[in-house]
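Following this line, the structure appears as structure tokens:
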């Protein structure tokens, strides 16, 4: 499997590390149900058979974290974005952070 | 009159008749409208659960519903190792129960699954690793489980041809569990299936579940490709599909599915007696009774349902192999394959009731599922029959992540691909 | 021609008769030629018995001429280079080649275990599962050892593999797998368009079937056309030809794995030449032209030496100039019978009969029978006759009585299976084609096109045309402007296959999987017993599991099962192929990563100096660190380490701590960022100060600890533990890029950039005073405990100095750019001489840590919380930080959780061992009494006895209690007292002076 890093270009799997689901985001630690929210964030996974947004780290490259959309049945990658860009968009959507 | 009992005498008798007299190992029944217990998943665990429900708990109106052919999941694609060399109190008694059941399996089932206790040796390469294995071995001994810490010379006497002189990480010794070993994996599924069938369990193949019916917060049955089947109790035992099937009941599990590759070499004259795990890389190995070297290493590391992996892990595993045993360089890899591991968030399994009434869950086995088969079947059957956990499986609660009572042997936290 | 090569045909074949080669098989000498395979050379010498089967030890000969060979497998070479299970059909002959048959004793001809063949009615499929159960103790003692003695075929070498293996990466526009007619056309077409092309073929010459057939291409012998095509390819600068190279795996995103047998055709690899090379080929497009494999037909005794695939018969005649028999019977269900008969007759083999199983033999076959004078029979060969070689065939005509024909060769063709394996490596499902009675490629991996007989195209003109089209299309898809050229002319052949899987009239065992001795009757039995899924049959009978991967067996087995269950073949299923396409040596997949080169080795800056001092080195992750520095006269490590500790605590000791992770963290929000990743505050840290910090994982468990210094308002320098350096870096990048991208903070690893030494002990200040440049004030007042500064040392070398102490002594860490690391250790040691300073290793470092009760790797083990380690109070309550919320779960706050305390033996002379479990004093050795374990122990020179750290349930309330340190795996059982984890200078007075 090869992933196209937006900074470095297409590189082999062995340059990357995987951490998992990119659809969960760190909840508000001051929220009323913070512990329950953090439990879901840290442990519950949709684990789909199909399109999966996930976080990869270009560890042997530029150290960028990436949000990769990949099909877990075929391993086909449909999009790659830097995690930072995704996170900034998320922050804008939340009304700034 | 067809012959049912397996023995050398019956084999000899049948050899004169072209083996035409054997009773089929299991029936191919049409599903009934309703069962006391319906088990989804005709893998090792599901079939063992059915067997123990019938044998130990007297519940025989049971169906095992399988989407393909029985034994097509991880019981048919693992590296056949059995052992109980765990470290944490939540795990040791459970896996020891499994090992004891393995020890009596062929008699129990009248089916020889070739349970072979040739020992499992975990090598260590540093003082820190030695002490960690001592901690583990001591924990095992406190549970009455066999464990011995070997020094380098003891390891040398068992395996004189490991790389001792030129190793990047020299072997300092090992922890051995002599009762560990291997089992002929497919035969486990077949043996349980045959024994369960004889006790009245219906094994229904090619009946993929398409929906779980829930009425008033209670699971009442399943839609399958062979029609609706009503169930008083419904049990999920679908490793590799746990999240997908649980989602049919609206449950989200603390599980990620990952791919683990495994490998077998061409058959060669046996020279590796037991199971060996390399402590300085991702590599473990045993040699089958047919002569193939059976080995594996680490997960590929990403979510996958594809039942196949990629080249970096193949190379990583074989590098470990050559680092440990440089004499296998000219032996050839014959086949590699991938299995779906339902990796739980702490590396330990779940055997528990679910928030839905009469729906029971057995999941999250990571790569420990095969060795657990008899105990998983027995304790899951206990839970289903008695509605309370079996003593040895009490720790495998679904809510342990919410309460902070994880069972994390490796100390890797909520990072499934590191367990 | 050598007189011994009685079956060599004059003037025929592509072998080089000017280069005779001598070789031995089972100790007997033979001659062959350059260009032979071991199989062709054995046949040339009339050797037909080449091996014994796995279970029944039946006599076996050469079935094929390719990588599908199930029978003729040998041990090649001897000693450390012994290669078990090597297919004689793929071994190129080289001078002095030594091969031995396998799985027989005492000799191939007289094999004692061939008695198993008589017992074959007992040893049927599934036999093991029904027996050996009583008494159960006998399994490991008797039954299994017996089975294991009989297991396996060849023997692995007893010695380490002496050869080297290489790995290479290659990138191309078009990968062509298979250099036959279709592959060559594809490569030519793509190559002419300028595309970067790699052509791989598993054989040593390109050409595929064109080398084995007598067809004409553009009016010339096919191999002449091949020669011209190869010459054209070789002249193209962007085309790379890899012969002896098997593409064995198709992985994701156009990644292919191939193994090149660089030196397997030589007596041994040349100097600096690898034996084999693993290629990782990244291809934009792939043209799969892997050909097809001929199927045997399942009839009685069809495993006898002398039964050979028809295509192999033609290969041995036309390519190798070898007559595989004197009198032949041809048994086929397609028109290959005709070609085979003609080729046999041409070289003088008498074709006794052509047995065509089709309802109506085709015109081509009728014609061939006429021209060769063969008796044409519409019917089947029911049984081969003979004991260890074919002596005849029992033929059952469609109409009429069975009769015997004498022959020493039965050429058989059951049709062809396209080699679709690579199309299935990414879960593609082959499709059954009724007309061709074969599985054709279904969906293929992205970018892969299948051509030629691999696609079920069996006629040469069509193969050439398809290759040309696919080559052009692939080059175009890769961005080149390509056009389909005029393809060379060739005559179309007929095929006309009509399935014939199993000869019902067989009286003898009829084999489906030769090597594993799976007979048709085994499939019958499996089906009767309920093993009706193709996967059940495969697993129950071991069909397709031998070293030939069932290439000649799987489809026949499937068809036989389908007939039994009354289902169609596609309904019955397929068995999917997994990598590798053909077996690959383990050495090639490991490459150079073995021995000392298994993993990279990192050397700390003082490494060479320490080696000069005779330091004992120890692996610490990838690092090699000095463990201790023995001196003459010291008897063991403990004596040395004790001296190192005492000297450090009384004078000065220096330790290379460069392996600690170091991370530069800069930006206006750096303080805020650190507040979020550490449990304690860092934004309040003064410039010129350092602070000990602890960070958690999000699940509330301790991730790492270390000190972080602040050199400017917006500039921090973090240190991590050696083992977690990479993990922490990854974690910080994650927190910044994913959680808080809005923070103005940047970070970079500086672990390799700084050489850093700890200088500890009461004389350390005096020592360092000699090296620091003016005007830096190193006095206690000028540079107090936890101060940091950027200074110069040794007349202008940039340095960073930190007043930190891990040992509990007055201590500093001093860092210089890594290139000065070696100089600095020498300067430090020179400066320290007058104070009696020494250098200490990781052991003394550990001892002093334990004496001070500092936590290390054994305590920060991925399951402990800050509170478990006695550091819960460090956590700020004024802010959120990673791990805070989940650390609040009840299970992690449970007061009974084991927590850190110290231990000392009641009998002060007793030794402690890490990993001992802690039990109440008078409690039994039961798990229910297990209350914790010792994490770290050391002999404390300052206390004069062993001390330990450990995790103990309800630790806080148990000071002074005596418990058992129970260590059965080392026969240890020691009473220990629960004490404070700080064993030396509990008030910390020494580090502030």
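Residue numbers (this note's numbering), protein chains in the order written: chain A, 2 to 98; chain B, 1289 to 1707; chain C, 681 to 1673.
Ideal placement from N, C-alpha and C gives every residue a C-beta, glycine not left out.
Could you name the residues of the same chain whose beta carbon sits closer than 6 angstroms to that of residue i, not counting the 5 residues immediately before and after it, in chain order?
{"i": "residue 920 (chain C)", "result": "878"}
{"i": "residue 1672 (chain C)", "result": "1465"}
{"i": "residue 1023 (chain C)", "result": "994 and 997"}
{"i": "residue 837 (chain C)", "result": "760 and 762"}
Given a cut-off of 9 angstroms on the beta-carbon distance, is the pair residue i and residue j in contact?
{"i": "residue 1039 (chain C)", "j": "residue 1178 (chain C)", "result": "yes"}
{"i": "residue 1489 (chain C)", "j": "residue 1371 (chain C)", "result": "no"}
{"i": "residue 20 (chain A)", "j": "residue 12 (chain A)", "result": "no"}
{"i": "residue 1404 (chain C)", "j": "residue 1341 (chain C)", "result": "yes"}
{"i": "residue 1398 (chain C)", "j": "residue 1354 (chain C)", "result": "yes"}
{"i": "residue 1343 (chain C)", "j": "residue 1430 (chain C)", "result": "yes"}
{"i": "residue 1132 (chain C)", "j": "residue 858 (chain C)", "result": "yes"}
{"i": "residue 1070 (chain C)", "j": "residue 1036 (chain C)", "result": "no"}
{"i": "residue 1571 (chain C)", "j": "residue 1691 (chain B)", "result": "yes"}
{"i": "residue 686 (chain C)", "j": "residue 719 (chain C)", "result": "no"}
{"i": "residue 995 (chain C)", "j": "residue 1010 (chain C)", "result": "no"}
Report the residue from the options whose alpha carbon sits nearest the alpha carbon of residue i.
{"i": "residue 1216 (chain C)", "options": "B:1319, B:1479 and B:1291", "result": "B:1479"}
{"i": "residue 1197 (chain C)", "options": "C:1115, C:1385 and C:796", "result": "C:796"}
{"i": "residue 1298 (chain C)", "options": "B:1487, B:1499, B:1482 and B:1460", "result": "B:1460"}
{"i": "residue 1630 (chain C)", "options": "C:1123, C:789, C:765 and C:1544", "result": "C:1544"}
{"i": "residue 1307 (chain C)", "options": "C:1337, C:1124, C:1346 and C:1556", "result": "C:1337"}
{"i": "residue 1484 (chain C)", "options": "C:714, C:720, C:1668 and C:1522", "result": "C:1668"}
{"i": "residue 1322 (chain B)", "options": "B:1314, B:1351 and B:1306", "result": "B:1351"}
{"i": "residue 1555 (chain B)", "options": "B:1623, B:1510 and B:1504", "result": "B:1623"}
{"i": "residue 1517 (chain C)", "options": "C:1441, C:1014 and C:1093", "result": "C:1441"}
{"i": "residue 1441 (chain B)", "options": "B:1355, B:1452 and B:1494", "result": "B:1452"}
{"i": "residue 1257 (chain C)", "options": "C:1104, C:1463 and C:1074", "result": "C:1104"}
Checking contacts by CB at 9 angstroms: is residue i closer than that to chain A?
{"i": "residue 1197 (chain C)", "result": "no"}
{"i": "residue 1422 (chain C)", "result": "yes"}
{"i": "residue 1698 (chain B)", "result": "no"}
{"i": "residue 1665 (chain C)", "result": "no"}
{"i": "residue 682 (chain C)", "result": "With a pLDDT of only 45 at residue 682 (chain C), under the threshold of 50, the placement of this residue in the model should not be trusted; the figure read from the coordinates follows. Cβ-Cβ to chain A under 9 angstroms: no for residue 682 (chain C)."}
Taking Cβ positions only, does residue i come closer than 9 angstroms to chain C?
{"i": "residue 1708 (chain B)", "result": "Residue 1708 (chain B) cannot be examined here, being either before or after the span of chain B that is shown, 1289 to 1707."}
Sorted by chain position, which residues of the same chain lie with C-beta nearer than 8 angstroms to residue i's C-beta, five sequence neighbours on each side aside?
{"i": "residue 1311 (chain B)", "result": "1290, 1291 and 1292"}
{"i": "residue 1308 (chain B)", "result": "1302"}
{"i": "residue 1616 (chain B)", "result": "1553, 1581, 1609 and 1610"}
Excluding the five sequence neighbours on either side, which residues of its own chain have a C-beta within less than 7 angstroms of the C-beta of residue i, listed in chain order?
{"i": "residue 1026 (chain C)", "result": "none"}
{"i": "residue 98 (chain A)", "result": "Summary for residue 98 (chain A): the model assigns pLDDT 44, below 50, so the residue's position carries little reliability; its value from the coordinates is reported in the next sentence. So the list reads 92, once near-sequence residues are dropped."}
For residue i and chain B, any beta-carbon pair shorter than 9 angstroms?
{"i": "residue 1298 (chain C)", "result": "yes"}
{"i": "residue 14 (chain A)", "result": "yes"}
{"i": "residue 953 (chain C)", "result": "no"}
{"i": "residue 1 (chain A)", "result": "With chain A covering only 2 through 98, there is no way to say anything about residue 1 (chain A)."}
Looking at chain C, which residues of the segment 77-94 of chain A have a Cβ within less than 7 angstroms of any of its Cβ atoms? 84, 85, 88, 89 and 92
Looking at chain B, which residues of the segment 1257-1284 of chain C have a Cβ within less than 8 angstroms of any of its Cβ atoms? If the cut-off is 8 angstroms between Cβ atoms, the segment 1257-1284 of chain C has 1258, 1259, 1260, 1263, 1264, 1265, 1266, 1267, 1269, 1270, 1271, 1273, 1274, 1275, 1276, 1277, 1278, 1279 and 1281 near chain B.
Compile a chain-ordered list of the residues in the segment 54-70 of chain A whose CB is closer than 8 angstroms to at least one CB of chain C. 56, 58, 60, 64, 65 and 66
Members of the segment 1582-1607 of chain B that neighbour chain A once the beta carbon cut-off is set at 7 angstroms: Going along the segment 1582-1607 of chain B in chain order, one finds 1589, 1590, 1591, 1592, 1593, 1594, 1598 and 1600 with a Cβ nearer than 7 angstroms to chain A.
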